[in-house]
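Residue numbers (the working numbering): 116 to 472.
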């Protein structure tokens, strides 16, 4: 999965990206220091892998990963090409979801493109620009449907949908907030609508002051989005420490986990992803699947041959396996289950697939 980090210039996008990916993307105090999108893969924190590694002593431990893109800052008029608007919008289209960084810190040395800190205003600027970009797409799809309707009356329902979306976007509301049926959602999914993408709001705060955070929380609640408070500057400093020093620093702050860990896991949830686990001497690994996926399709994430020759899945919940200490002990207690093709895989399932090709 790929998440686009977006926001106004000088919101802290590149600083957050550097902390996430241990990269050195330029994070300057002037607008548009980021031109081309920076991309980096980030492991999803999962303490279950450490437990399994202790049980199986594998040669390799492989976590699930998220991919983040640090995208150029957006300004008013981006949908019409202002600033780096066209490049910005093109990068967002490549993303599966949006990580929207809102500036929630005061710093006279870092100019704000709108003259002062106001996270609600900043969020509305970007939301409006995405909606206006989508409006152009909706108008073109509506015009296409009108032409096809001349020879296919079944296109009338689709035309009505695009016209309804046009009206919705004209008011500045994102496409994701328009009530639609599943059939209509399938039609809209054929168009790369930016404002249809799920959003995670990230309040980039000062180390000691998050007076703007309540505003961002209210905004996220209205949008039905997730929200987190992160100090990108502090997280970048933490990322430069060794594991021991980082743990000591977090402990001194009274924190069990860094803001980045929470951000990565929230991004993972944003798209409805979960992890099932495989464990053995060669490798302990977390595999990313969509929530609700059945066993054969999950097996296909490992290899298409396993899905094609699927026989059964031998499953034990991670919590049960941890409590028992081994697969053999879990089996003795009846906690190792045999599941078939209709089994819906759950987060944290430790699975061994049986197959024949």
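Ideal Cβ positions, reconstructed from N, Cα and C, are used throughout, including at glycine.
Residue i, DSSP secondary structure in three states
| i | result |
| --- | --- |
| residue 272 | helix |
| residue 431 | strand |
| residue 132 | helix |
| residue 466 | strand |
| residue 183 | strand |
| residue 217 | strand |
| residue 119 | strand |
| residue 454 | strand |
| residue 307 | coil |
| residue 248 | helix |
| residue 166 | helix |
| residue 471 | coil |
| residue 158 | strand |
| residue 448 | coil |
| residue 171 | helix |
| residue 212 | strand |
| residue 328 | helix |
| residue 438 | helix |
| residue 288 | coil |
| residue 318 | strand |
| residue 277 | helix |
| residue 459 | strand |
Cβ pair residue i, residue j closer than 8 Å
| i | j | result |
| --- | --- | --- |
| residue 246 | residue 289 | yes |
| residue 460 | residue 431 | no |
| residue 281 | residue 250 | yes |
| residue 122 | residue 216 | yes |
| residue 327 | residue 336 | no |
| residue 468 | residue 438 | no |
| residue 388 | residue 372 | no |
| residue 179 | residue 159 | yes |
| residue 181 | residue 382 | yes |
| residue 346 | residue 363 | no |
| residue 274 | residue 264 | yes |
| residue 229 | residue 235 | no |
| residue 125 | residue 227 | yes |
| residue 271 | residue 334 | no |
| residue 161 | residue 394 | no |
| residue 186 | residue 206 | yes |
Residue i at chain D interface by Cβ criterion, 8 Å
| i | result |
| --- | --- |
| residue 387 | Reference to chain D is not applicable here, since this structure consists of a single protein chain. |
Straight-line gap, residue i to residue j (C-alpha atoms, nearest Å)
| i | j | result |
| --- | --- | --- |
| residue 197 | residue 244 | The pLDDT assigned to residue 197 is 49, lower than 50, so where the model puts this residue is not dependable, and the model offers no usable value. |
| residue 472 | residue 423 | 7 Å |
| residue 297 | residue 303 | 10 Å |
| residue 129 | residue 330 | 23 Å |
| residue 482 | residue 211 | No statement about residue 482 is possible, as the shown extent of the chain runs from 116 to 472 and does not include it. |
| residue 320 | residue 354 | 17 Å |
| residue 131 | residue 380 | 15 Å |
| residue 450 | residue 411 | 21 Å |
| residue 176 | residue 374 | 23 Å |
| residue 269 | residue 392 | 46 Å |
| residue 137 | residue 408 | 33 Å |
| residue 87 | residue 168 | No information on residue 87 is available, as it lies outside the stretch 116 to 472 that the chain covers here. |
| residue 445 | residue 421 | 24 Å |
| residue 349 | residue 221 | 15 Å |
| residue 295 | residue 225 | 42 Å |
| residue 470 | residue 214 | 39 Å |
| residue 119 | residue 417 | 26 Å |
| residue 325 | residue 257 | 44 Å |
| residue 278 | residue 301 | 16 Å |
| residue 361 | residue 343 | 20 Å |
| residue 208 | residue 291 | 15 Å |
| residue 448 | residue 434 | 14 Å |
| residue 454 | residue 366 | 42 Å |
| residue 457 | residue 436 | 23 Å |
| residue 311 | residue 305 | 12 Å |
| residue 287 | residue 172 | 54 Å |
| residue 339 | residue 241 | 17 Å |
| residue 153 | residue 267 | 45 Å |
| residue 293 | residue 332 | 21 Å |
Supposed contact pair residue j and residue i - C-beta distance, whole angstroms, cut 8 Å
| i | j | result |
| --- | --- | --- |
| residue 443 | residue 425 | The pair is not a contact, with the Cβ atoms about 24 Å apart (cut-off 8 Å). |
| residue 341 | residue 385 | 6 Å |
| residue 313 | residue 174 | The Cβ separation is near 37 Å, so there is no contact. |
| residue 276 | residue 254 | Not quite, the Cβ-Cβ distance comes to about 13 Å (not below 8 Å), so this is no contact. |
| residue 170 | residue 117 | Incorrect: roughly 33 Å between the Cβ atoms, too far for contact. |
| residue 390 | residue 403 | 6 Å |
| residue 376 | residue 163 | Contact doesn't hold; Cβ gap of about 14 Å is too wide. |
| residue 204 | residue 248 | 5 Å |
At 3 residues or longer, what runs of the beta strand (DSSP E) sit wholly inside the segment 332-419?
341-345, 388-394, 398-405
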